[in-house]
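Okay, so the sequence shown: first residue is 63 according to the numbering used here, each after it adds one. Here a beta-carbon is modelled for each residue, glycine too, at the ideal position from N, C-alpha and C.
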Amino acid sequence: MKAIIIGLCILSMSALGAFAQNSTTEQEIKELSKNKWQWMADKNVDKLADLFQDQAKFVHMSGTWNKDRELEIIKTGSIWYKKADVHDVAVEMIDDVALLWNRITLTAEVRGNDVATEFTVTEVYKKQGGEWKLLALTFSSVRDTHEIEH
């Protein structure tokens, strides 16, 4: 009986430790995503180049492209991600992969015009060499009543 109680205590402490670690990791991913939006607004391609994994893909309303093209778009300002108002964020961890969903209003300058669009943005991060790298970023146009299920 004593062994069962000790076993249950160890199991409970392990579960709490895993929950705390996931919670900390989720906060880290949320902060990284927030920083990414600021780096995009600032056109800080050096920080973004470090964040984006070399084979990363970016899906927009006008196409899908790779890391180099996304960095070029940001650097030249052909799309200037001026401001992302984040309304909701959800993160799920699967092993060493983090899935993040943002519901945002993105204000961007496109061909000289400011446009504000509601999106759900899906971001996929993977821990590589001790750092989180963005593998994929997809913009999905949604109605303003859309909610992210937590």
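Do the CB positions of Val107 and Ile136 come within less than 7 Å of each other?
yes
Should the region 154 to 162 be regarded as contacting the region 107 to 124, the criterion being three or more beta carbon pairs within less than 8 Å?
no
Under the rule that 16 or more other beta-carbon atoms within 10 Å means buried, what is Ala118, buried or exposed?
Buried is the call here.
With distances taken Cα to Cα, identify the nearest neighbour of Gln190 among Ser85, Asp116, Thr86.
Asp116
Less than 6 Å between C-beta atoms, sequence neighbours within five positions excluded: which residues of the same chain meet that for Trp99?
Short of 6 Å from the beta carbon of Trp99, and not among the five residues preceding or following it, lie these beta carbons of its own chain, in chain order: Ala146.
From Ser202 to Glu134, what distance separates their C-alpha atoms?
So the alpha carbons of these two residues sit roughly 21 Å apart.
By how many angstroms is the C-alpha of Met102 removed from the C-alpha of Trp163?
One Cα belongs to Trp163, the other to Met102, and the distance between them is close to 17 Å.
Asp112 lies in the alpha helix (DSSP H); which residues open and close that run?
107 to 113
Determine the burial state of Arg173: buried for a count of at least 16 other Cβ atoms within 10 Å of its Cβ, exposed for fewer.
exposed
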